[in-house]
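Count along the sequence shown from 1, add 1276, and you get the number used in our numbering.
Using N, Cα and C, we set each Cβ at its ideal position, and we do this for glycine too.
Just so you know, these numbers come straight off a predicted model, no measurement behind them.
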Amino acid sequence: MALFPADNQTGVRVEAERMDDEHPLKAHAHIGHVEKLYLEVLYRCNFECRHCFQGVNLKRPERFTLDEATRAIAHFADHFGLSSVTICGGEPFLHPDLEAMLAFAKLRGLDTVVCTNGYRIHKILTRVASDLDHLRVSVDGLCETHDAIRRPGSFKACVDTLLFARAHGIRTSITMTVTNSNVGDIGGLAAIAAECGADHIKLHELRPIGHAADHPDLIVAPGQRSQLTREVRRAARDVPVFLDEDASPAVALDRSRMERTDLDRIEIQPDGRLYVSCKAVGADSNAFWYDKAHDCVEYRPADDDELAARTPQVRYVEI
């Protein structure tokens, strides 16, 4: 394994893989297989949601070029046996090369997923339909609640997109970040999800990073946890619900139905930050970087990085 100093200003020691050396993720995070690569292809978004984990990063210009994205996909498929690639952002449908990225991933035999706000994407959805397996649309409550946290008219756009995608043979699901304003909407949203033919709803716990750090009023209050439990159970009557285990300790979790965590996923941001835990994303606690220019992973340890802090994986259970 080759060790070399970074720039003299930081003095950070950097370790990167060479062709004849063990991969840094294998050597330091003991990762032998990665099921899913989450690739944030750009920071830019056409929304500025109050709870967005990207926060001020939404204004940053960095993005993956088509060549960088395809090399990253090939890198992790070759080293770790990927099964799927999830393209996210920012808003990935704003990237001019999204269509080609999805086509490349399908040529590599990978399942393809895109996470989107679902706003005015019908035209490009038609073009990518043959290479897109699953569309995950972010919906944060019923119409009034969702539009308040995102933008006016966006709830209707989400529903239209879910219906349009299904009509074009694309599987869909809904991702909802649970806040104190939408706890009571979970059951109603599940009914809409079922009407739209969505496979499931995934409920995220709000984490106080990015814009959410400036809006602590969005965090679910302790007194709302019993309501959350009721709404989740009501929702599960209409559509499968995958619940972040941090979101509701009151829900009796069946550990046998937990999603895999041995390493289920890694996530790479547009500037190359590489995270092995979803809970660390956006917190600048990454121990690894993906060098886009040289197509290699660098290990840059710090006293407070996600490995040192033993940051756990996010775990979901089907209710």
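Query	Result
Could you tell me the distance, in whole angstroms, from the CA atom of leucine 1465 to the CA atom of alanine 1511?	8 Å
Give the secondary structure of histidine 1355 by DSSP, where H, G and I count as helix, E and B as strand, and everything else as coil.	helix
Under a three-way DSSP split, which group does threonine 1453 fall into?	strand
For glutamate 1316 and phenylalanine 1369, I'd like the C-alpha separation in whole angstroms.	11 Å
Look up histidine 1480 in the DSSP assignment and give the residues it is bridged to.	Thr1453
Measuring CA to CA, which of Leu1313, Lys1312 and Phe1329 is closest to glycine 1559?	One detail in the question is off: residue 1559 reads as alanine in this sequence, not glycine. The shortest C-alpha separation from alanine 1559 is found at Phe1329.
So what does threonine 1392 bridge to, in DSSP terms?	Val1413
List the endpoints of the continuous alpha helix (DSSP H) containing cysteine 1419.	1419-1425
Tell me, please, whether the region 1392-1404 touches the region 1318-1325 by the rule of three or more beta-carbon pairs shorter than 8 Å.	yes
Tell me the DSSP bridge mates of glutamate 1316?	Cys1364
Ordered along the chain, which non-local residues of its own chain (more than five positions away) have a Cβ less than 7 Å from that of phenylalanine 1380?	Thr1346 and Ile1349
Mind checking who phenylalanine 1564 pairs with in its DSSP beta bridge?	Leu1550 and Tyr1575
Report yes or no: do the region 1299-1310 and the region 1573-1592 share at least 3 C-beta pairs separated by less than 8 Å?	yes
Measure from the alpha carbon of aspartate 1581 to the alpha carbon of each residue in Ile1595, Met1377, Lys1555 and Asp1571, then state which is nearest.	Lys1555
For aspartate 1387, write down the residues that DSSP places opposite it in a beta bridge.	Ser1360
Tell me the DSSP secondary structure of isoleucine 1462 in three-state form.	helix
Taking only the alpha-carbon atoms, compute the straight-line gap between threonine 1537 and alanine 1305 and give it to the nearest angstrom.	Residue confidence is low: threonine 1537 scores 42 on pLDDT, short of 50, so the model does not pin down where it sits. Its coordinate-derived value is still stated next. About 13 Å.
Tell me the rounded alpha-carbon separation between valine 1459 and histidine 1351.	40 Å
Taking lysine 1312 as the reference, which of Asp1540, Asp1490, Ala1497 and Glu1521 has the closest Cα?	Asp1540
On the premise that isoleucine 1462 lies in contact with phenylalanine 1415, defined as a C-beta separation below 8 Å, what is that separation, rounded to the nearest angstrom?	According to the sequence as given, residue 1415 is valine; it is not phenylalanine. That belief does not hold up - the Cβ atoms of valine 1415 and isoleucine 1462 are roughly 11 Å apart, past 8 Å.
What is the rounded straight-line gap between the Cα of isoleucine 1425 and the Cα of isoleucine 1495?	13 Å
Expressed to the nearest angstrom, what Euclidean distance is found between the alpha-carbon atoms of phenylalanine 1340 and leucine 1318?	6 Å
What is the DSSP secondary structure of alanine 1528, reduced to helix, strand or coil?	Reliability fails at alanine 1528, whose pLDDT of 48 lies under 50, so the model's placement of it is uncertain and no value is given.
Thinking methionine 1404 and glutamate 1367 are a contact (beta carbons under 8 Å), I'd like their distance in whole angstroms, please.	Per the sequence presented here, residue 1404 reads as valine, with methionine not at that position. Contact doesn't hold; Cβ gap of about 14 Å is too wide.
Excluding five sequence neighbours on each side, which residues of the same chain lie with their C-beta closer than 6 Å to the C-beta of valine 1552?	Ala1305 and Ile1542
Closest to proline 1372 by C-alpha separation, out of Ile1400, His1410, Asp1387 and Asp1409, would be which residue?	Ile1400
Counting only the same chain and skipping the five closest in sequence on each side, list residues whose C-beta sits under 8 Å from that of serine 1430.	Phe1323, Asn1393, Gly1394, Tyr1395, His1422 and Asp1423
Would you grab the beta carbon distance between phenylalanine 1356 and valine 1310 for me? Rounded to a whole angstrom, and I think it's under 8 Å.	4 Å
Please report how far the alpha carbon of serine 1359 lies from the alpha carbon of glycine 1331, in whole angstroms.	30 Å
Are the beta-carbon atoms belonging to valine 1454 and leucine 1479 less than 7 Å from one another?	yes
So, with DSSP's three-state summary, where would you put leucine 1519?	strand
Does the region 1472-1487 come close enough to the region 1437-1455 to have 3 or more Cβ pairs within less than 8 Å?	yes
Using the Cα positions of arginine 1442 and alanine 1584, report the straight-line distance between them to the nearest angstrom.	43 Å
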